[in-house]
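Below is one structure; the comments refer to it alone.
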Amino acid sequence: GESVGLHLPTLSVQEGDNSIINCAYSNSASDYFIWYKQESGKGPQFIIDIRSNMDKRQGQRVTVLLNKTVKHLSLQIAATQPGDSAVYFCAESKDNYGQNFVFGPGTRLSVLP
Amino acid sequence: GAVVSQHPSWVICKSGTSVKIECRSLDFQATTMFWYRQFPKQSLMLMATSNEGSKATYEQGVEKDKFLINHASLTLSTLTVTSAHPEDSSFYICSARAPLTGALNQPQHFGDGTRLSIL
């Protein structure tokens, strides 16, 4: 299930299940969005991006959905694997090239055996 | 492989000393690099935008005299934390803006961060 603690919200899923990580963004003028994965002690790793003229984009095992009406972004991971355990951040940008990112608070994904 | 290299990955030093962190783009020239700070269990916060050959642009609340940024070449930006104190202890991450042309399909490439611990 999903819980919100004092710090990062945590999502725990069974290995093999699908994961859905949500993000509410703040700026209705944001035009470009990215999901990043951050493993402990490392920098963010690009997963998938989407521009505001789209509402869905698929990659390998991942899908990003964008709902501009409610300013909501989600990342779906199919058949979650232990290697997916990490903190996931959404980032929003007002410009088309993705500068001046504003990062969301992050969600820790824990994959249970 | 990594396209942005950050050095050192971990540094511990005494209060009052200055610490320099390097950020290098390995396979491309980066006219713009970014410096972020991340406290434990928190998100990345942009500190400043580093532009090659010009002064860095600092975010509100970031002391430019405290966090000196130099971007003297197209592949290197440095962040110097001057007179560091325990409250400066954090995870510092740089990124480099990808070139507009080329095979890289991401807007920014991140380094693996530098963990700074001030005693």
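Chains as they are written, first to last, in the numbering used here: chain A, 996 to 1108; chain B, 9 to 127. Note that beta-carbon positions come from the ideal geometry of N, C-alpha and C, so glycine has one too.
Short check: CB of residue i to CB of residue j, under 7 Å?
i: Met-41 of chain B; j: Ser-26 of chain B; result: no
i: Val-19 of chain B; j: Ser-33 of chain B; result: no
i: Pro-1044 of chain A; j: Lys-1089 of chain A; result: Note that residue 1044 of chain A is Asp in the sequence shown here, rather than Pro. No, the pair does not count as a contact, with Cβ atoms beyond the cut-off.
i: Asp-1079 of chain A; j: Val-1106 of chain A; result: yes
i: Ile-101 of chain B; j: Gly-1038 of chain A; result: yes
i: Thr-88 of chain B; j: Lys-28 of chain B; result: yes
i: Ala-92 of chain B; j: Ile-126 of chain B; result: yes
i: Leu-1068 of chain A; j: Phe-1098 of chain A; result: no
Within 7 Å (strictly less), CB to CB, does residue i reach chain B?
i: Lys-1037 of chain A; result: yes
i: Leu-1003 of chain A; result: yes
i: Phe-1041 of chain A; result: yes
i: Phe-1098 of chain A; result: yes
i: Ser-1078 of chain A; result: Reading the sequence as shown, one finds Gly at residue 1078 of chain A and not Ser. Not an interface residue.
i: Gly-1101 of chain A; result: yes
Which of the three DSSP states is assigned to residue i in this structure?
i: Glu-95 of chain B; result: helix
i: Asp-1079 of chain A; result: helix
i: Val-89 of chain B; result: strand
i: Lys-1051 of chain A; result: strand
i: Asn-1095 of chain A; result: coil
i: Thr-40 of chain B; result: strand
i: Ser-51 of chain B; result: coil
i: Leu-82 of chain B; result: coil
i: Glu-1087 of chain A; result: strand
i: Leu-1001 of chain A; result: Interpretation of Leu-1001 of chain A is limited by its pLDDT of 44, a score under 50 that renders its predicted location unreliable; the figure taken from the coordinates is listed afterwards. Here Leu-1001 of chain A sits in coil by DSSP.
i: Leu-112 of chain B; result: Bear in mind that the predicted position of Leu-112 of chain B carries a pLDDT of just 49, short of 50, making it unreliable; the figure below should be weighed with that in mind. Three-state DSSP puts Leu-112 of chain B in coil, outside helix and strand.
i: Ala-1074 of chain A; result: coil
i: Leu-1104 of chain A; result: strand
i: Ser-62 of chain B; result: coil
Taking 7 Å as the threshold (beta carbon to beta carbon), is residue i in contact with chain D?
i: Ile-101 of chain B; result: Given the protein chain composition of this structure (A and B), no chain D is represented.
Within the 7 Å Cβ cut-off, does residue i reach chain A?
i: Ser-98 of chain B; result: no
i: Gln-114 of chain B; result: yes
i: Gly-61 of chain B; result: no
i: Lys-49 of chain B; result: yes
i: Phe-36 of chain B; result: no
i: Phe-118 of chain B; result: yes
* the segment 114 to 123 of chain B touching the segment 70 to 81 of chain B, judged by at least three CB pairs closer than 8 Å -> no
* **Uninterrupted beta strand (DSSP E) stretches inside the segment 1011 to 1064 of chain A (no shorter than 3 residues)** => 1014 to 1019, 1027 to 1033, 1040 to 1046, 1051 to 1053 and 1057 to 1062
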